[in-house]
Amino acid sequence: MVAVLISLALLLPLAGFVGLLAFGKRVPEPWPGVVATATVAVAFVLALIAAVDVFSGTAVPETVTWFDWLPALGVQASFLWDPLSVLMTLVVTGVGALIHAYSIGYMHGDERYGRFFAYLNLFIFSMLMLVLGSNFAVMFVGWELVGLSSYLLISFWFEKPTAAAAGKKAFVVNRVGDVGFLVALMLIFNAFGTFGFHAVFENAPATLGTGMATAITLMLMLGAAGKSAQLPLHVWLPDAMEGPTPVSALIHAATMVTAGVYMVARTGALFQLAPISAGVVATVGAVTALFAATIALAQFDIKRVLAYSTISQLGYMFMAVGAAAHVAGIFHLMTHAFFKALLFLGAGSVIHGVAGEQDMRKMGGLGRAMPWTLGTMTVAWLAISGIPPFAGFWSKDEILASVFGRGGPWVILWAVGLLTALLTAFYMTRMMWMTFGGTPRWDDGVHPHESPWTMVGPLTALGGLALVGGLVNTPWKPALEHFLHPAFEGVGLAELPGGATPWVLAFVSVAAGIVGIAAATRRYRGTMHVEDSGAWKLLNRGYYVDDAYAAAFAGGGGAAATWAAESFDGGGIDGAVNGIARLTGKVSGWLRPLQTGLVRSYAVAVMIGTVGLLAWFLTRGGF
Amino acid sequence: MDFPILTTLIVLPMAAGIAVLLLPRRRPELALPVAIASSLLPLGAALWMLVQFETGVGGFQFVEDVSWYQPWGISYHLGVDGISLLLVVLTALLFPISLLASTSIKDRIHGYAASMLFLEAGIIGVFLALDLVVFFVFWEVMLVPMYFIIGVWGGGRRVYAAIKFFLFTAFGSALMLAGILSLAFLARDQLGAPTFDFVKLLDVDLARTAQFWLFAAFGLSFAIKVPLFPLHTWLPDAHVEAPTAGSVILAGVLLKMGTYGLIRFNLTLFPEATVGLVPVLATLAVIGIVYGAVVAIVQKDIKRLVAYSSVSHLGFVVLGIFALTVQGLQGGVIQMVNHGLTTGALFLLVGMIYERRHTREISQFGGLGSVMPIYAGVFLFTAFASIGLPGLNGFVGEFYILMGSFLTLPVWAIIAATGVVLAAVYLLWAYQRMFTGPITVEENRGLRDLSVREIVILAPLVALIVFLGVYPKPALERIEPSVDAILHRIEQTTDYRVPDFGAGVVITVGEHGE
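Heads up: the protein sequence lines correspond to chains A and B, in order.
The first sequence: position 588 = 588 (the working numbering), numbered continuously.
To convert a position in the second sequence, counted from 1, into the working numbering, add 1000.
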C-alpha cells in the first residue's frame, strides 16, 4: 500500500514534467499551471494517506524498491518511508502545492508559461527523490536533479544575461560542494561496500575509526554547504534571486536549500562518530548565520534581503544539527519553510503590485494598497523575529536552548545565535518599514494594487501555518520530538537544559527580538536613511567575497586556463610535435636523393625499419 | 557452423560501399540515400547479434575461426564478448545517423559515402578481430577512408589535419606491428609454431621484461588513438577540420579503438606489465581529465571545445580501466559507449548550427535559445549528459569509474572528481554564451529550428542517453562477465588482487529491508 502511494507521489510530478515539456506550449493558460498544481497536491494527499500509520506510531520504516540500478555497486532505486522522510515529503509537497498554485497567477502572461510549470514539477520530483532515497546514491541523484531544476529555474528568463549567469553560477558552485559529496561516497563505498543507509549506519560504529568518520562527514558537510549556501559556498544564493519569485520561495528558501540540513540530520549516526565534524558543522552554521545577517542589514533589493536572511536561517539549522539537536534543526527547517516561503511570496506580491520593482527605495507606503499582503507578511515577520506564539519562536528557541545546553564552548555559539536573532529582527523590521510604511516613493505611473486571489490564497494559507505551525513542538507537548525520534535511533540527541534555564533563555531571546524590532522601528519608521559609510558599503557588498572569488577564479583561473590552452598546449606540446615534423622535413631535405615521392617506396622504408627494429628486439632483448 | 553473423557485419558495409561506387556518376543524388539505406543492414545485423548474445557468459560468442595461412599461424578468427558487443552496436548505430547528417556534402558524394561505409567495415573489423594480423589489417584499413574523409571533405586546414592524424596513427601502428611480430615469434619459441591467434597467445608465458616492451609497443599505439595526454594534439585539429560525420565517428567510435585495444590486448596479454604500469597510466589519465577540461574552458570554437572535452572524458575511461577493479573496468567500458552517444550528439548539434551559420565561433552566437528553442533544449540536454547528471548515461559510467578507482587509486580518484566541476564550467559557460542573453548578431535572428530530419537524427541518441542513465542494467550485465574474466586472469598470472572493500562488514548485495 505504502509502496503504491509513495511511488505515485513520486511519479505524478514526473509525469507532469514530461507532459508539460511535450505539450505545455499547446495548452492555454492557466491549464498547465492547474495540472502541475494538481500533481503536487495529489502527491501531498497520497503522502498524507501513506503517513497515517507513521503518525499513529504503529508503522515500522518501510523500504520501497523499484529496480536494480547500479548492480556492481549494489545500488537499487529504492525509497525509505520513515518519520524523517515523511515529514520532509509533506513539507515539500505541501508548501510546493501552495507555491504552484500561487504561480498560476504570478506567471500570468509569461510566454513560457507551460515550461515554467514543467520545471517546477521536475523540481518536486527531484526533491522527493532526495528526501525519499533509501541509500546515498539515490539521494545523490535527487541532490543533482534539484541542482538541475534550480539551474533551469534561476535562468528561466534566460534572455536576461544576469539570470543566465546566475543559473550557471549556482550550478557550478553547487558542483564544488558535490566534489565533497562524491569523495564522501567513495569513502563510504570503500569502507562499507554499500550505499544503503541502514547498512551503513548500523555498521558505522564497528567499521569506522574516528579519523575515517571525520573524513567522511567533513566531505558530506562540504556537499551540504554547497547546496545550503553556507560559508564559503554561499555566493550563489543571492544571485539566484534572478529567478521568478515563486522559485525563490520554493527552491531557494523553503525546500532545496534545506537539503544540506536534511542530509546532516539523516547521517546523524556518522556525525555522532566524528565530534570534530559536528563541531565544524555547528561553527560554520553559527558564523554563516551572523555573517549573512549583517549583510542583510544593508541590502536594498527586497529579494536580496530575504536571500541573505535565508542563508542566515540555514546557519541556525546547521548550528542545530551540528549540536546533534536534529529534531530542533528539522523543526526550524519546517517552520522556516512556512514563514520564509510566505515572505518570498509576499515580496512577489509586492513586486507584482509595483510593476516589477524590487528596490525598496522605490517602495514605501504600500500597506494601504495591499492589506492582505501586509497582513500575512506581518505574521511572517513576527515569526522570523522570534516573537511568541508565532512559529519561528518555538523552533529558534529550541535550537538556542539546545546549543546552550551543550555547555562549554557551545555557549559561544549560543551567544552568536542570540546576536543573530537581534540582527534578524532588525533587518526584517527595516524591510517591513521600507516596504509598507512611510511615504510612497514609487515611480510615476506605478499603481500599487493587491494581487489576485490565486496569489493571496496561498499567502493566507502560509500565514496560518506561520502562525500556528510552531505548536507541533512545544515544551508542554513535544509531538514532533516523539514523532521524529524513531528516525534518530542510535543517535544521541542533544537534550534541553533542565530547570528554569530554558525559560530564562527564552526570555532573553524574545527580548533580543524586541530590541531589534524597536531599534529598527526607531530608525526606519519615518524617513528613508541612505547610509554610505565604509562599514556600510562593506556589508552592502557582502564583504566583497564575490569580488574576491571573481578575481581568483574568473581572473586568475581564466588566465591560467588560457595559458594552458594557448601557450602550453598550442606552443608547448603541439609546438614540439610540429617541431619534430619540421626537423624531419629538414633531415629529409638532406636525404632528398632517397626521396622518390612514391608512397610505395615509403612503405618499403617503413617495412625495412620495422624489420630492423624487430631484429634488434630479438637479438638484444633476448626474450 | 551457425550463421556467420560477424562476417556479415563486416561484409555488409563493405559491399554497400562497393555498390555505392558502382552507382551511375550522373545521378549523384542517389549515392547518399543508397548509403543510408544500406547502412541500416549492418545495424539490423548488430541488433540481431545483441538480442542473440547470451548474457552471463564471459567468453567469446558467435566465434568464426578459419585457418588463413597455416605456416605462420594466421587465422581468420572473429568473436564478440561483453567488451566489444556494445561498441559494435554503437558503431552500427552511429553510421546511419552520421550519413543522415551528411546531406550538406555535395562534392564527390559517391566517394564520400563509400569511404564512410568502408570505414564502418574497418572499425567493426577492429572490434571483432581475434587474430592479431586480422586486427592489424583492419586497424590500418580504417585509416585510409578516415584520412580521405578529413583530407577531402574537411574544412580549411583539412590537409594539415589529415596528415597529422595519419602520421600520429601510422607512428603508433609501426610500433604495434613490431610488437605483434615479436609476440608471434615468442609464441613460436614456446608453442613450437608461430601464432597470431589472440586466444592461443593467452597460453604464452611472457617474461616480465618482454611484457613491458610489448606493453609499450601496443600501448603507445593505443594511447595515441585514445588520445592520452600528451599525445592528444592531433585530436582537436582532426575534429575541427573533419566534416560533421567524420567528427561523430572519430569521437564516437574511433577513439574507443584505443581504449578497447588497451583492455583487449594490454590488460589481457601483458598482465604483469599492466599491474606495474598502473601508476603511469593512471597519472596520465588524470592529467588528461583535468587538463582537457581546463583547456576546453577557454576554447573559442565550440567544436574544439567538444574535442578537448573528449580528452577529459577518455581520461576517465583510462582511469577506470587501470583501476583494475570490477566497478572501474565496467565503468570504463560503459563510459566508452556513453561518450560515443553524448559526444556524437554534441558533434551532430555543432554540425547543425554550422550548416546554418557557417561558423563555429562561440562569440558569433548568443541568445539562440529564443530563436531555436528545440535545438537549445536538445543541446542543453546533451550537455548535461556529458556533465554527468544522474539519470542520464554519463553519470553511470563516471560514478562506476570514480567509485571503482578509489578502491585502488584513491588520490587519483579524488583529483579526477574535480573534473565534474570543470565539465560543468566549460559546457554551461559555452551554453550561456551561445544560447542565453539577447541576440547579438543579426544573422542569428532568422535561424530556423531543427527540421524533422534533424530530429530523427538526434532522437535515437536522446532516447539511449535516457535509457542507459535510468536502467543501465541490461548493458552492464552483458559487460560484467567479460570484465570479471579479464580481472580473474590478471589475478591468476600476477600477485595483484582485486581489493576487498567493505572489510569488516558482512553485506550480501544491496540493501536489507529497513
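Note that beta-carbon positions come from the ideal geometry of N, C-alpha and C, so glycine has one too.
Q: Sort 334(A), 441(A), 419(A) and 113(A) by Cα distance to residue 364(A) and report the nearest one.
A: 441(A)
Q | Nearest-angstrom Cα separation, counted from residue 401(A) out to residue 500(A) | A | 11 Å
Q: Report yes if the CB atom of residue 225(A) is closer than 8 Å to the CB atom of residue 167(A), and no otherwise.
A: no
Q.
Based on DSSP bridge pairs, tell me the residues matched to residue 1080(B).
A. 1061(B)
Q. Looking only at C-alpha atoms, which of 504(A), 458(A) and 509(A) sits nearest to residue 94(A)?
A. 458(A)
Q: Please classify residue 1509(B): does DSSP put it in a helix, a strand, or coil?
A: Legend: pLDDT at residue 1509(B) = 38, less than 50; position of this residue unreliable, value from coordinates given subsequently. DSSP places residue 1509(B) in coil when its eight states are reduced to three.
Q: Could you tell me the boundaries of the alpha helix (DSSP H) in which residue 178(A) lies?
A: 161-192
Q | Meets three-Cβ-pair contact criterion under 8 Å: the segment 487-500 of chain A and the segment 257-275 of chain A | A | yes
Q) For the segment 540-553 of chain A against the segment 444-463 of chain A, are there 3 or more C-beta pairs whose distance is under 8 Å? A) no
Q. Does the beta carbon of residue 1370(B) sit closer than 8 Å to a beta carbon anywhere in chain A?
A. yes
Q. Near residue 173(A), what residues of its chain come up, given a Cβ to Cβ distance below 7 Å and the 5 sequence neighbours on each side ignored?
A. 226, 233, 235 and 236
Q: Could you please give the first and the last residue of the uninterrupted alpha helix (DSSP H) stretch that includes residue 1385(B)?
A: 1373-1387
Q) Could one say the Cβ of residue 1471(B) lies closer than 8 Å to chain A's Cβ atoms, at least one of them? A) yes
Q.
Need the endpoints of the alpha helix (DSSP H) that residue 699(A) sits in, please.
A. Only positions 1 to 623 of chain A appear in this structure, which leaves residue 699(A) out of reach.
Q | Three-way DSSP call (helix, strand, coil) for residue 609(A) in this model | A | helix
Q) Is the shortest distance between the beta-carbon of residue 1480(B) and the beta-carbons of chain A less than 8 Å? A) yes
Q. With burial defined as no fewer than 16 other Cβ atoms inside 10 Å of the residue's Cβ, what is the status of residue 1164(B): buried or exposed?
A. buried
Q: Consult DSSP for residue 274(A) and reduce its assignment to one of helix, strand or coil.
A: coil
Q) Going by other Cβ atoms of all chains shown within 10 Å of its Cβ, with 16 needed for buried, is residue 1109(B) buried or exposed? A) buried
Q: Determine, using beta carbons only, whether residue 444(A) comes closer than 8 Å to chain B.
A: no
Q. What does residue 121(A) reach in chain B if we use C-beta pairs closer than 9 Å?
A. Neighbours of residue 121(A) on chain B: none; closest Cβ ~15 Å, over 9 Å.
Q.
Looking at the strands, I want to know which residues DSSP matches up with residue 1074(B).
A. 1069(B)
Q. Roughly how many angstroms separate the alpha carbons of residue 305(A) and residue 336(A), rounded to a whole number?
A. 15 Å
Q.
Strictly below 7 Å CB to CB, what residues from chain A border residue 1272(B)?
A. Result: empty, since nearest Cβ-Cβ is about 13 Å, beyond 7 Å.
Q. Using CA coordinates, which residue listed in 202(A), 388(A), 314(A) and 559(A) is at the minimum distance from residue 285(A)?
A. 314(A)
Q) residue 323(A) to residue 279(A), Cα distance in whole Å? A) 7 Å
Q: Entirely within the segment 1235-1303 of chain B and at least 4 residues each: give me those alpha helix (DSSP H) ranges in chain order.
A: 1244-1249, 1255-1261 and 1271-1297
Q. According to the neighbour-count rule (16 or more other Cβ atoms, all chains shown, within 10 Å of its Cβ), is residue 1442(B) buried or exposed?
A. exposed
Q: Would you mind stating whether residue 79(A) and residue 150(A) have Cβ atoms separated by less than 8 Å?
A: no
Q.
Using a Cβ-Cβ distance cut-off of 8 Å, determine whether residue 1327(B) contacts chain A.
A. yes
Q. What are the start and end residues of each continuous alpha helix (DSSP H) run of 4 or more residues lying completely inside the segment 11-88 of chain A, in chain order?
A. 31-55
Q | Identity of the residue in 1203(B), 1029(B) and 1055(B) nearest residue 1479(B) by Cα | A | 1055(B)
Q) Where does residue 558(A) sit, in a helix, a strand or coil, going by DSSP? A) helix
Q | Under 9 Å by beta carbon: chain B residues contacting residue 222(A) | A | Chain B residues near residue 222(A): none, gap ~12 Å exceeds 9 Å.
Q) Is residue 1036(B) near residue 1087(B), with beta carbons less than 8 Å apart? A) no
Q.
Between the segment 1005-1017 of chain B and the segment 1049-1066 of chain B, can you find at least three pairs of beta-carbon atoms closer than 8 Å?
A. yes
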